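Everything on this sheet refers to the single structure shown next.
Numbering (this note's numbering), first residue to last: 121 to 309.
In structure tokens form, the structure reads like this:
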């Protein structure tokens with residue numbers, strides 16, 4: 121989907137890499153390995169991303185390194201798009217699609233708010249009735265791909281409704297904050 125919108129698979133992969141790891145500077149050869157593309161394609165796309173202001177570069181130890189420009193005006197919107205399409209959200213959605221009984225699932229916290237840093241974990245809320253066998257291994261595989269921990273909370277639909285009705289402070293805080301919906305709609309529960 122993003123490849124059609126942004127016209128380049130390499131650009132989409134670079135954007136995803138930088139948006140999911142905003143504090144990590146990277147040089148062209150390293151990015152070439154991570155994105156699995158040739159040096160010239162990486163260099164060309166890095167220059168385009170730097171020209172529009174998404175990336176900034178500097179010389180470190182005789183190498184030009186690139187990092188995310190955290191002052192980019194559309195940063196939170198781009199991060200949201202990436203998370204919903206090819207980033208953490210897509211990985212989570214694909215993993216959760218294998219499980220029956222999920223009424224709603226969403227990412228909340230710093231990832232959903234578009235403010236993850238290098239140490240941020242990914243917070244996941246799952247609402248429904250599901251068999252837990254296999255969920256832990258699916259989450260572990262995602263943690264490995266994202267190179268960050270995933271903290272998930274599972275509530276049955278009944279437990280969720282009860283906590284909302286009771287005015288549980290944690291649930292109310294989650295509901296007020298940013299969310300990136302993966303499955304269903306939490307407002308319909």
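Even glycine gets a Cβ: it sits at the ideal position worked out from N, Cα and C.
Predicted model, so just to flag it, every value in this text is computed and none were measured.
Through-space distance from residue j to residue i, alpha-carbon basis
i: residue 307; j: residue 263; result: 28 Å
i: residue 240; j: residue 141; result: 10 Å
i: residue 184; j: residue 216; result: 39 Å
i: residue 173; j: residue 182; result: 22 Å
i: residue 191; j: residue 132; result: 20 Å
i: residue 209; j: residue 138; result: 16 Å
i: residue 298; j: residue 230; result: 8 Å
i: residue 282; j: residue 218; result: 27 Å
i: residue 188; j: residue 201; result: 16 Å
i: residue 154; j: residue 278; result: 43 Å
i: residue 294; j: residue 163; result: 40 Å
i: residue 213; j: residue 270; result: 13 Å
i: residue 159; j: residue 152; result: 6 Å
i: residue 146; j: residue 193; result: 22 Å
i: residue 161; j: residue 150; result: 13 Å
i: residue 280; j: residue 195; result: 32 Å
i: residue 244; j: residue 186; result: 30 Å
CA nearest to the CA of residue i, picked from the options
i: residue 226; options: 145, 195, 275; result: 275
i: residue 127; options: 242, 168, 214; result: 168
i: residue 129; options: 305, 156, 146; result: 156
i: residue 296; options: 228, 150, 186, 161; result: 228
Beta carbon of residue i nearer than 8 Å to that of residue j
i: residue 207; j: residue 249; result: no
i: residue 89; j: residue 291; result: Residue 89 is absent from the structure shown; the chain starts at 121 and stops at 309.
i: residue 166; j: residue 148; result: yes
i: residue 135; j: residue 198; result: yes
i: residue 303; j: residue 232; result: no
i: residue 211; j: residue 255; result: no
i: residue 242; j: residue 268; result: yes
i: residue 176; j: residue 170; result: yes
Delimiting residues of the alpha helix (DSSP H) encompassing residue i
i: residue 282; result: 277-286
i: residue 221; result: Residue 221 -> no alpha helix (DSSP H), and no H or E assigned at all.
i: residue 134; result: 129-140
i: residue 253; result: No alpha helix (DSSP H) contains residue 253, which DSSP labels as neither H nor E.
i: residue 290; result: 289-296
i: residue 167; result: 159-171
i: residue 150; result: 148-155
Unbroken beta strand (DSSP E) run spanning residue i, endpoints
i: residue 177; result: 175-180
i: residue 187; result: 183-188
i: residue 233; result: Note, residue 233: premise wrong, no beta strand (DSSP E); not H, not E.
i: residue 300; result: 299-303
Quiz item: Would you call the region 285-297 and the region 249-260 touching, i.e. three or more CB-CB distances under 8 Å?
Solution: Short answer: they don't touch.
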